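Numbering of the sequence shown is given in the numbering used here, commencing with residue 3 and proceeding in unit increments. Where is the CB? At the ideal position from N, CA and C, for every residue including glycine. Keep in mind it's a predicted model, so treat the numbers as computed, not measured. Let me begin by presenting the structure, written as structure tokens, before commenting on it.
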Amino acid sequence: MNADTTETGLRRTMAILPFLFAMSRWYNPSRLAARWERKLMRRAQEASEVNRPVGQLPSELAENLRSMNPWWRGEPAAPLPRFRRWPFKRLRRLLSAGMTPATVLRGPRRVGKTVLLRQIIQALLEEGTEPRRVLYVPFDELPTLADVREPVLAVSRWFEAQVLGTTFNAAAHRSQPSFLFFDEVQNLDAWAPQVKSLVDNQAVWALITGSSSLRIEAGRDSLAGRVTTLDLGPLLLREIAGLRLNASVDAFWADNSLDALTSQDFWRSARERTREDAPVRRQAFQALSERGAYPVAHERPEAMWPEIADYLNETVIQRAIQHDLRAGKRGQRRDEKLLEEVFRLCCRYAGQTPGQAVFVPEIQQALGGGIGWNRILNYLRFLDGTLLLRLIPPLD
């Protein structure tokens, strides 16, 4: 065997080694066994879904739902704050006399959406609503829902069969409609078509909350004419007065009627009210300046600000940037570092009018070159969609 033949053989061997290595990884017996086990588990789950009778859920999920709805057993729910945020009365009215069967309450995390929802449940029960007509489902606290197809519809059918004891429509014909509360529904894929099917075919009232405006907005188009949307942000100044100072400052323009703006009496009364409320509003503004407008900052005034700031950063900001904006295939392609840097600059220049000349050089200095204005602008819109900030378009 000459040297040329030996060299050729070595080259062929080296060329085929990566292929053989890849094949050895592919045909690894332990990996194949694990893959087959996962495949068999998926098939078993699919088969159980197909064979499960209508109106039934996995036993663990059913028990969790019963635990989260203690009023079905005649037991009280967990204590709730006495302070009620501004949408309470309007939400209560929409749930029995609204123009649409479903209401969506959206807003960033930790502004009180779940507390509002629970307060409305409490009010319904205190008004004499039968406990079996009230369903509460926190979709962010039930991981077993991931194994259920069309969970909104499946849970609703289970509630009909196992708790209500009749159909939604039959109960509504007796003037006993059901009230369905779906908390953090944006965590579900295709939640909107399920809600549409539910309210189109069943006489129910539904209140839905969501922390991701991007996902809620994406599903709202298919619910046109069936849903009323309310946005809930941090505390209003009069709410800070009520929560922090225990001072009652009622909304002067409560119904937002445009007719009032044409009346001179309205403006005279507004001027007088402003003078009367001025001392309380000054104190509330001082509290706002010191601790912001998230409820937790004023519910616990004795807590040190660094502790509150760390809590809000972890539960609101990082949760939105790392979870909401990076969910799904598109979200995984978004740059987490760039999202954080854009948000940091928004905080730094809040209340000002920074544009391309400010954002581009500062971000390129922090993260390196190659990041253009169009990409930064898209990330600004993403952050606006999470309700972490509010972009104000220019007037010109």
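One alpha carbon belongs to L63, the other to V157, and they sit about 9 Å apart. Residue pairing of A208 in beta bridges, as defined by DSSP: A104 and L182.
The alpha carbon of P195 has as its nearest neighbour, out of L225, E129 and D312, the alpha carbon of L225.
Here V113 is near Y296, since their CB atoms are less than 8 Å apart.
Between the C-alpha atoms of G353 and E152 there is a straight-line separation of about 43 Å. The C-alpha of R176 is placed about 13 Å away from the C-alpha of E132.
Per the C-alpha coordinates, the member of H325, G370, T355 and T146 positioned closest to L340 is G370.
Between the alpha carbons of L290 and I242 lies a gap of roughly 7 Å. Here the alpha carbons of W255 and F268 stand approximately 9 Å from one another.
Per the coordinates, the alpha-carbon of R87 lies some 20 Å from the alpha-carbon of L182. Proximity of the region 385–392 to the region 309–323 meets the contact definition, three or more beta-carbon pairs being nearer than 8 Å. Between the alpha carbons of D233 and R392 lies a distance of about 12 Å. Secondary structure note for V136: its beta strand (DSSP E) is the uninterrupted segment V136 to P140. In terms of Cα proximity to P83, the closest of L314, L119, T168 and R270 is L119. DSSP places V251 outside both helix and strand once states are collapsed to three, so it counts as coil. Rounded to the nearest whole angstrom, the C-alpha separation of R328 and A172 is 43 Å. Note that the C-beta distance between V229 and A104 is below 8 Å.
Under DSSP, D233 forms a beta bridge with R108. Around the beta carbon of I394, fewer than 16 other beta carbons lie within 10 angstroms, which makes this residue exposed.
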